[in-house]
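Some notes on the structure that comes next.
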């Protein structure tokens, strides 16, 4: 799995693969721009990365669907993001590596010992802690035990995807496995959350490059996510925003509004309360993102999005967030009056909607006919 | 050569272009960078994608800076273009991805952008290749007095 020549610098490894200094300079320049670093930072980044030895990364997976790893590794053509795999030495990943069983475990232990205190630990998937952690076990150890062990010698921990960052789908009610996010268990190391279901590959790449060149994690928001990518919400960067401002909304998925690409607020778009770079970086090398493809934002980069009520209920119905949990940043928007909507949608209206929904849920079935 | 055959490069008249406020401010910043380059040798750059530029701003900036004599293109996971503008020392660098989407756009104030230079490490790596080519060419067709035998 890992390159056997650990004495090679990144620059030497790149040249050996036919990647020129110019290619690498472009990669670093684009990455620095993505990270909102100073314009000439790309040059310093290229120089620093080229002269360093490839850094050890250990990647462990727990309660996950592998979508995050697929996002990072799959592409139809070599991408700028894939170049990160020339900067790091991926010493363990049980999905990608050819080795299995004890050989794989031994490889991980060897990488840990060799790079103790210096390797970056990447985790995807939530960690089940219920019933002694029996819901995820490997080599006789629970996920919780594996994480505690591997994190011991890590310099930093990167939680990739919403499951590792916030619990994702496993933590959704009733959370039968006692799933928790990585940050609940790793409290003595720097942890960065790169949420998203899955996250955008360039966000992962940019964060890792920032760490290796600056020697620290990038500035983080209150959820531990890189501010450079999670500092704006989808709504404020959405190309359909002019329709929202004019009060033009699609009301069904096949009406005139939908065909004309109008705002998807009434179809349940969670863009106003979701912070990610989807609207700017997009997916599949900038091809598209859910809203551009005609589907409302699910809010997949936010904690508890699976418990936020229907994906197709407008935010104004007030169901966003887990029961009893409020997040000031989001509730301030939901309680406000979005421009362009004929009726003022405030807390009162949201409360009325909740009451009406509860009334419909409680009504005896024969009365609905 | 008569008068009409003398090549003329039009210097953009910034005062007549009706520049927007954002472009004017940007050009003032570029002017400061140029003065610093001349006096101290310090290079500068502006990340254009970090600025809130309207389509009119982009057009205004392009028209104001004009095009210089150097236009280089290279392919690296998508096309990248390095152009000197009509203002010497101001280079417009644009990087695109494999799907031809612009992923980065900079103005660099420098005598020559690093992207146009060749690293000595790459030069050293190329020497054996050229030497091998010459050796092979010499073995296949002896060189006589400036002409190769057929």
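Residue numbers (our numbering), protein chains in the order written: chain A, 605 to 973; chain B, 150 to 299.
Every residue, glycine too, gets a C-beta built ideally from N, C-alpha and C.
Inside the stretch 171–236 of chain B, DSSP marks whole alpha helix (DSSP H) runs of 4 or more residues at positions 204–214, from first to last along the chain.
According to DSSP, residue 725/A shares a beta bridge with 662/A, 761/A. Residue 252/B sits in a strand when the DSSP states are folded into three classes.
Just so you know, the alpha carbons of residue 733/A and residue 913/A end up roughly 25 Å apart.
Residue environment: residue 837/A is assigned as buried (16 or more neighbouring CB atoms within 10 Å of its CB, all protein chains considered). Its chain contains 636 as the residues whose beta carbon lies nearer than 6 Å to that of residue 645/A, once the 5 sequence neighbours on both sides are disregarded; these appear in chain order. By the criterion of a C-beta distance shorter than 6 Å, residue 619/A is surrounded by no residue of its chain, once the five residues flanking it on both sides are discounted. Chain B places no beta carbon closer than 8 Å to that of residue 613/A, leaving this residue out of the contacts. Taking 7 Å as the cut-off between beta carbons, the residues of the stretch 223–240 of chain B near chain A are 223, 225, 226, 229, in sequence order. At a C-beta separation below 8 Å, residue 192/B has these neighbours in chain A: 644. Among the residues of chain B, those whose CB is under 9 Å from the CB of residue 891/A are 248, 250, following chain order. Residue 701/A is not a Cβ neighbour of residue 817/A, given a cutoff of 8 Å. Around the beta carbon of residue 630/A, a 10 Å sphere encloses 16 or more other beta carbons of the protein chains shown; the residue is thus reported as buried. Judged by beta-carbon spacing, residue 725/A lies within the 8 Å limit of residue 758/A, meaning their Cβ atoms are closer than that value. DSSP places residue 731/A within a strand segment (E or B) once states are collapsed to three.
With fewer than three CB-CB distances shorter than 8 Å, the stretch 869–876 of chain A does not count as touching the stretch 819–836 of chain A. Listed in chain order, the non-local C-beta contacts of residue 841/A below 6 Å within the same chain comprise 883, 884, local neighbours out to five positions each way being set aside. Residue 826/A is classed as exposed because its beta carbon has fewer than 16 other beta carbons within 10 Å across all chains shown. In this structure, residue 195/B sits away from residue 172/B, with a CB-CB distance that is not shorter than 8 Å. Under DSSP, residue 258/B forms a beta bridge with 193/B, 239/B. Put simply, the CB of residue 897/A is far from chain B, with every gap to its CB atoms at 8 Å or more. Chain A places no beta carbon closer than 8 Å to that of residue 221/B, leaving this residue out of the contacts.
Per the coordinates, the alpha-carbon of residue 201/B lies some 50 Å from the alpha-carbon of residue 737/A. Within the same chain, 882, 883, 886, 887 come within 8 Å of residue 893/A by CB-CB distance, once the 5 residues on both sides are set aside. Against chain A, the CB of residue 195/B has a partner CB under 8 Å away; the residue lies at that interface.
Remark: C-beta atoms of residue 268/B and residue 647/A do not approach each other more closely than 8 Å. Pairing residue 255/B with residue 652/A, the inter-Cα distance amounts to about 21 Å. Excluding residues up to 5 positions away in sequence, 910, 911 lie with their Cβ nearer than 7 Å to the Cβ of residue 776/A in the same chain. Only residues of its own chain outside the window of five on either side were considered, and among them 665, 668, 672, 764, 765, 768 have a CB closer than 6 Å to the CB of residue 728/A, listed in chain order. Assigned with DSSP and collapsed to three states, residue 827/A falls in coil, not helix or strand. Residue pairing for residue 637/A: DSSP places it in no beta bridge. For residue 797/A, the enclosing beta strand (DSSP E) stretches over residues 795–798. Nearest neighbour of residue 632/A by Cα position, chosen from 272/B, 244/B, 275/B, turns out to be 244/B. Of all residues in the stretch 627–655 of chain A, only 627, 629, 630, 633, 634, 637, 640, 643, 644, 647 place a beta-carbon less than 7 Å from a beta-carbon of chain B. DSSP lists 659/A as the beta-bridge partner residues of residue 692/A.
Membership of residue 818/A in the alpha helix (DSSP H) is indicated by the continuous run 805–818.
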